[in-house]
Each structure stands twice: as C-alpha cells, then as structure tokens.
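Read the structure below first, then the notes.
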Amino acid sequence: MSDCLFCKIIDGSIPSTKVYEDDHVYAFTDISPVAKGHTLLIPKHHCKDLFEMPEDVARNLYAAAPKVANAIKAAFNPIGMNTINNNGEAAGQTVFHYHLHFIPRYDEKEGLALNWQTQNYTAEQLVEVAESIKAHL
Ligand code: AMP
Ligand code: ZN
1 MSDCLFCKII
11 DGSIPSTKVY
21 EDDHVYAFTD
31 ISPVAKGHTL
41 LIPKHHCKDL
51 FEMPEDVARN
61 LYAAAPKVAN
71 AIKAAFNPIG
81 MNTINNNGEA
91 AGQTVFHYHL
101 HFIPRYDEKE
111 GLALNWQTQN
121 YTAEQLVEVA
131 ESIKAHL
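So that you can map any letter, position 123 of the sequence shown is 123 in full-length UniProt numbering, and since no number is skipped, the others follow by simple counting.
Following this line, the structure appears as structure tokens:
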C-alpha cells in the first residue's frame, strides 16, 4: 500500500532499525520503545489488522515470533515478555498495518502498565458467550 508507513519501512523508502527479515515478515525496533528491546514484527503482505489477516500470513508471522522473542530474551535477559497486538483505534492501534509488539519486562512495574479489570460471569453466561462465538466459526 503506497500510503502505509510500515509498507514503506518494508520497501526501504522509510528507514528502520532491522532486527530480522525473511520472505514473509520484517522485524524492527519500535521508534518509541517502552522497554529496552521493544520490537515490532510485521507481515510483508499488507493487512490492516488481525481481522483482515489471511491464514497463511498468520502462519508465517507466528512462525517467526518465537525466533524474535528468543533473540530479545538472549540479548537482554528480561524476566518476562508481553506480545501485544492492537486492533482498531479503540484498542490503541495507531499504525494500520498489522504489527505484533514484543515488550520485554525487566520489572513488574516499569515499561508497560496493564490493568486487567476482571468481571464476574456465571458458568452459564460463559457458555452463552462461547456459543455466540462458536456460531461464527
Ligand atoms: P500501535 O499503537 O499498536 O499501532 O503501535 C504502533 C507503534 O509503531 C508504536 O509503538 C510506535 O512507536 C511505532 N512506530 C511508529 N512509527 C514508527 C517508525 N517509523 N519506526 C518504528 N516504529 C514506529
Ligand atoms: Zn502496509
């Protein structure tokens, strides 16, 4: 896509700090890292988000994910790592070419604040939710 920032990073017309590349994916350091080693993994095939990602693109992307995660782990020895993908503005997506964030954790409190506010669902409600999803698979 001609007006896509990450497509331009893939074709080299916008510079990036490359970490890894194969026929299907490209990985580079995030320009505004929230922790040392914060890396983005993107498919070379343009798709806006997970909803639009073809299965073979997903397969190739996730085939590279452990490689990237383990390289960051070996380089910086974090105590943990979050992999995060934002889909849609409401979910915090700002660049509309699918990307998977690798965010190493060095301290429970620094870098990335995740606030999980759990809700109470009965077993019956959980079944109802599962059935609603299953109806579309
Ligand atoms: P998201 O908010 O999930 O869409 O994440 C977009 C990410 O892309 C942010 O973490 C930005 O810091 C990062 N980003 C934006 N422009 C660039 C760039 N030119 N090179 C590397 N990372 C970028
Ligand atoms: Zn793109």
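Cβ atoms here follow ideal geometry from the backbone N, Cα and C, with glycine treated the same way.
With a contact defined as Cβ atoms closer than 8 Å, residue 41 and residue 100 qualify at about 5 Å.
For residue 66, the uninterrupted alpha helix (DSSP H) segment begins and ends at 55-76.
Looking at the DSSP output, residue 39 shares a beta bridge with 29 and 102.
Apart from sequence neighbours up to five positions away, the residues of its chain that approach residue 27 with a beta-carbon distance below 6 Å are 19, 20, 39, 41 and 68, ordered along the chain. Within the model, the alpha-carbon separation for residue 92 versus residue 60 is close to 24 Å. Cβ contact annotation for residue 44 (same chain, cutoff 7 Å, sequence separation greater than five): 10, 24, 25 and 26, in chain order.
Of the residues assessed, residue 98 falls on the buried side of the cut-off, its CB having 16 or more other CB atoms within 10 angstroms. If you compare the alpha carbons of 120, 54 and 104 with that of residue 113, the shortest gap goes to 104.
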